[in-house]
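Numbering (this note's numbering), first residue to last: 43 to 666.
Built from N, CA and C at the ideal position, the CB exists for glycine as well.
Since the structure comes first, as structure tokens, the remarks are kept for the end.
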Amino acid sequence: MDLNRLDQAKIRNFCIIAHIDHGKSTLADRFLDLTHTISEREKRDQILDSMDLEVERGITIKMKPVTMYWEDYVLNLIDTPGHVDFSYEVSRALAAVEGAILLVDATQGIQAQTLANLYLAMEQNIVLIPVINKIDLPAANPAAVSEELATLLQIAPEDILTVSAKTGINVADVLKSVVERVPPPRVSQPAELTKALIFDSYYDKHRGVVCDVRIFQGSLKRGSKIFFYQTNTWSEAKEVGIYRPSHLQTEVLVSGQIGYLITGIREMNRCRVGDTVIGVAAVQDHLRDAVKALPGYKKIKPMVFANIYPRDQSRYLELRRSLEELKLNDSSLEFQPAALSTLGQGFQIGVLGLLHLDIIKERLRREYGLDLVLTVPQVEYHLKVTNKKSKLKTVEGEDLCIVTSPQEFPDYSSTEQCFEPWVKLEIITPQETIGGIMSLVIERRGEYLNTEYIVSQATGAGGSTAGRALLFFHLPLAELLTDFYDKLKSISSGYASLNYDFADWRPVDLVKMEFLVADEVREALSVLVPRSQAYGRAGGVLKALKEEIPPHLFEIRLQAQLGGKIIASERIKPMRKNVTAGLYGGDVTRKMKLLKKQKEGKKRLKSMGRVEIPTDAYLAVLKR
Numbered sequence: 043m044d045l046n047r048l049d050q051a052k053i054r055n056f057c058i059i060a061h062i063d064h065g066k067s068t069l070a071d072r073f074l075d076l077t078h079t080i081s082e083r084e085k086r087d088q089i090l091d092s093m094d095l096e097v098e099r100g101i102t103i104k105m106k107p108v109t110m111y112w113e114d115y116v117l118n119l120i121d122t123p124g125h126v127d128f129s130y131e132v133s134r135a136l137a138a139v140e141g142a143i144l145l146v147d148a149t150q151g152i153q154a155q156t157l158a159n160l161y162l163a164m165e166q167n168i169v170l171i172p173v174i175n176k177i178d179l180p181a182a183n184p185a186a187v188s189e190e191l192a193t194l195l196q197i198a199p200e201d202i203l204t205v206s207a208k209t210g211i212n213v214a215d216v217l218k219s220v221v222e223r224v225p226p227p228r229v230s231q232p233a234e235l236t237k238a239l240i241f242d243s244y245y246d247k248h249r250g251v252v253c254d255v256r257i258f259q260g261s262l263k264r265g266s267k268i269f270f271y272q273t274n275t276w277s278e279a280k281e282v283g284i285y286r287p288s289h290l291q292t293e294v295l296v297s298g299q300i301g302y303l304i305t306g307i308r309e310m311n312r313c314r315v316g317d318t319v320i321g322v323a324a325v326q327d328h329l330r331d332a333v334k335a336l337p338g339y340k341k342i343k344p345m346v347f348a349n350i351y352p353r354d355q356s357r358y359l360e361l362r363r364s365l366e367e368l369k370l371n372d373s374s375l376e377f378q379p380a381a382l383s384t385l386g387q388g389f390q391i392g393v394l395g396l397l398h399l400d401i402i403k404e405r406l407r408r409e410y411g412l413d414l415v416l417t418v419p420q421v422e423y424h425l426k427v428t429n430k431k432s433k434l435k436t437v438e439g440e441d442l443c444i445v446t447s448p449q450e451f452p453d454y455s456s457t458e459q460c461f462e463p464w465v466k467l468e469i470i471t472p473q474e475t476i477g478g479i480m481s482l483v484i485e486r487r488g489e490y491l492n493t494e495y496i497v498s499q500a501t502g503a504g505g506s507t508a509g510r511a512l513l514f515f516h517l518p519l520a521e522l523l524t525d526f527y528d529k530l531k532s533i534s535s536g537y538a539s540l541n542y543d544f545a546d547w548r549p550v551d552l553v554k555m556e557f558l559v560a561d562e563v564r565e566a567l568s569v570l571v572p573r574s575q576a577y578g579r580a581g582g583v584l585k586a587l588k589e590e591i592p593p594h595l596f597e598i599r600l601q602a603q604l605g606g607k608i609i610a611s612e613r614i615k616p617m618r619k620n621v622t623a624g625l626y627g628g629d630v631t632r633k634m635k636l637l638k639k640q641k642e643g644k645k646r647l648k649s650m651g652r653v654e655i656p657t658d659a660y661l662a663v664l665k666r
């Protein structure tokens, strides 16, 4: 196929969207097999999940485009993540395609992220192809799930495809449906002006910034002049090409195609996800005013904040460079400088959830070799303060200050009122677990809204698709940062799934709780909590620290304090060396003298020794 002379009517751009673990990446593997995109030597499971973390955890973290040839059509597929923390990746992928395969597990039915991704697709007005996967499993109930999907989408059950991505059953029918149902890309005029949308990017130390682009107008040729609209930057298209799934260089990318663009740009802030790349035959200084940019993406707002510090302070600049490269690859990540007297210089990072935070930490450790200390994650709070000269950031258009860490929390006397973010929580669960889930949410300060029932006439072998309910709650976002998800899965025997979106801001009686280790305040462990939960939270954190901090030669006191008052305490017993092991008889005073000397040494160590808190201890506190 001539890649430089493509007929736009033969191009189909689509992505796969689904709840986590419903088989998106496995279905993508079968597409690659069926279209002979990869050789026998290259075959492996989840081939589009190229990161080590994706392979180890069995989840998709980053969207991945690939171009396939089937019959005489060019199929551009984008595989997307399924976890709620990476829904921004899904929304960006949807903006670059005309169609989407909505994949549902035949044993689990519609789940929370199924609905969330469906709503994202409907906002983009793209064509949906409903597909039920895993029909080969013993517990599969495609008839019941088909009925659920037909009711949800208001279509006939015959319009829903059933496949087994693992065995390849009916996978060819899905590609045929993509060709028939997904419209070809619309060609915009004037053709002499090129417009491309950057929907993802990453940094290559040899080639600079590499952009994943969708060409909406004109064509992008290698060597042509290009202009980045948002950053007002001129550059040159050093290389263009497609993913097969590795880079395949071409001379040109035409309108409707999805591919990559190598810019040679080394300043990472010059290239942004959502920016419009404009290509013209000649440089025009007035181009920015003369051309209208593509819509781009709505800026994502981080939900969770934590401070991150290098254990070796000499690697601070290396950490900053690493975060800049990660931000290029993950546009939902935000960071700014932060400092603590005990930990030195670091950064406060803003992420979309705890899994997102864990992935960022692991990527920094694996890809950049950084040994890090992570503080307890917090949500953003809004404060009304009496000190009008406060240096805190303020909410735009309101007389409120923004606090995202305990270190920023002002003195109690200067705080009039605090507000915390609440989310609208959607939980899909079997009907028999409704009571337990309601108790869990109410225990976490939540409010029940209403219930909708997803009822199927048929029941599967496992009974998991019949008699399910969609529960709606309002819940403080901070309550999701503890072990809420683990408790939810425990109560529902693993069947429940959740999704959440920001709802509003509500008043809260907020206090700063500090923790002392060996009589030293450790700012990295400080947390902001509602006053009513302070005592319970203190005990949980101290217990976690006691389990994770190894014994020393002296006693370690662990304490929690609130406004200077100790509210909880634990202690780690010292290791004891048998200093009398070498004595064989003699006066008892020799033994007493050695024990007394040991006691005095431990006392001296207790007053002088400093306890190094292991990374696992911080992670244990995060889970509490």
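> How many angstroms separate the CA atom of Leu48 from the CA atom of Ala137?
Replying inline: 22 Å
>> Determine whether the beta carbon atoms of Arg564 and Ile476 lie at a separation below 9 Å.
In response: no
> Rounded to a whole number of angstroms, what is the C-alpha to C-alpha distance between Val282 and Asn212?
Replying inline: 34 Å
> Do Met345 and Pro172 have their C-beta atoms closer together than 9 Å?
Replying inline: no
> Would the segment 263-281 and the segment 215-229 be scored as touching if the rule is three or more Cβ pairs under 8 Å?
Replying inline: Taking a cut-off of 8 Å on C-beta distances, the segment 263-281 does not touch the segment 215-229, as fewer than three cross pairs fall below it.
> Does DSSP put Tyr358 in a helix, a strand or coil?
Replying inline: DSSP places Tyr358 in helix when its eight states are reduced to three.
> Can the beta-carbon of Ile609 be found less than 9 Å from the beta-carbon of Leu600?
Replying inline: no
>> What would DSSP say about Gln299, mapped onto helix, strand or coil?
In response: Looking at Gln299 - three-state DSSP - the assignment turns out to be coil, as it is neither helix nor strand.
> Is the CB-CB distance between Phe544 and Lys466 below 9 Å?
Replying inline: yes
> If you draw a straight line from the alpha carbon of Phe605 to that of Ala566, how long is it in whole angstroms?
Replying inline: It should be pointed out that residue 605 corresponds to Gly in this sequence rather than to Phe. Separation of Gly605 and Ala566 (C-alpha to C-alpha, rounded to the nearest whole angstrom) is 17 Å.
>> Starting from Gly578, trace the alpha helix (DSSP H) in both directions and tell me its first and last residue.
In response: It spans Ala576 to Glu590 - the alpha helix (DSSP H) in which Gly578 sits, taken as one unbroken run.
>> As a quick exercise: from Cys253, Asp215 and Ile257, pick the residue whose alpha carbon is nearest that of Leu235.
In response: Ile257
> By Cβ distance below 8 Å, which residues in the same chain neighbour Lys369 in space, the five residues on each side in sequence not counted?
Replying inline: Met310, Leu375, Glu376 and Phe377
> In the structure shown, what three-state DSSP assignment does Asn159 receive?
Replying inline: helix
>> Could you tell me the alpha carbon to alpha carbon distance between Leu636 and Pro593, rounded to whole angstroms?
In response: Rounded to the nearest angstrom, the two C-alpha atoms are 22 Å apart.
> Residues bridged to Gln291 by DSSP?
Replying inline: Gly283
> Residues in its own chain within less than 7 Å of Thr428 by CB, not counting five upstream and five downstream?
Replying inline: Ser456 and Glu458
> Would Ser67 be called buried (16 or more neighbouring beta carbons within 10 Å of its own) or exposed?
Replying inline: buried
> How is Asp125 classed by DSSP in three states: helix, strand or coil?
Replying inline: Reading the sequence as shown, one finds His at residue 125 and not Asp. Looking at His125 - three-state DSSP - the assignment turns out to be coil, as it is neither helix nor strand.
> By a C-beta neighbour count over all protein chains shown, 10 Å radius and 16 as the cutoff for buried, is Asn349 buried or exposed?
Replying inline: buried
> Cα-Cα, which of Ile402, Phe270 and Leu69 is closest to Lys208?
Replying inline: Leu69
>> If I follow the unbroken beta strand (DSSP E) through His61, where does it start and stop?
In response: Where His61 is concerned, there is no enclosing beta strand (DSSP E), given that its DSSP letter is neither H nor E.
>> Please classify Ile484 as buried or exposed, where buried requires at least 16 other C-beta atoms within 10 Å of its C-beta.
In response: exposed
> Would you report the Cα separation of Gly260 and Ala192, rounded to the nearest angstrom?
Replying inline: 39 Å
>> Restricting to runs no shorter than 3 residues, where is the beta strand (DSSP E) found entirely within the segment 378-448?
In response: 386-393, 414-416, 423-427 and 443-445
> Residues in its own chain within less than 8 Å of Lys403 by CB, not counting five upstream and five downstream?
Replying inline: Correct list, in chain order: Ile350, Leu414 and Leu416.
> Where do the ends of the alpha helix (DSSP H) carrying Gly536 lie?
Replying inline: Looking at the DSSP string, Gly536 is not in any alpha helix (DSSP H), and its letter there is neither H nor E.
>> Among Gln473, Pro472, Asp441 and Glu468, whose alpha-carbon lies nearest the alpha-carbon of Cys460?
In response: Asp441
> According to the Cβ coordinates, are Ser539 and Ala185 closer than 9 Å?
Replying inline: no
>> My assumption, with CB atoms under 8 Å, is that Thr149 sits in contact with Ala182. Please give the rounded CB distance.
In response: Right, the Cβ-Cβ distance comes to about 5 Å (below 8 Å), so this counts as a contact.
> Between Trp547 and the rest of its own chain, which residues show a CB-CB distance below 8 Å, the 5 nearest in sequence each way excluded?
Replying inline: Excluding its 5 nearest sequence neighbours in each direction, Trp547 has C-beta neighbours in its own chain below 8 Å: His424, Phe461, Glu462, Pro463 and Trp464, listed in chain order.
>> My assumption, with CB atoms under 8 Å, is that Val108 sits in contact with Pro227. Please give the rounded CB distance.
In response: About 17 Å; that fails the 8 Å criterion.
>> I need the boundaries of the beta strand (DSSP E) containing Phe269, first residue and last residue.
In response: Lys267 to Phe270
> Alpha carbon to alpha carbon, what distance is there between Gln449 and Thr384?
Replying inline: 12 Å
> What did DSSP end up calling Leu203 once you bin it into helix, strand or coil?
Replying inline: strand
> Is it true that the segment 351-369 meets the segment 295-308, where meeting means three or more beta-carbon pairs spaced less than 8 Å apart?
Replying inline: no
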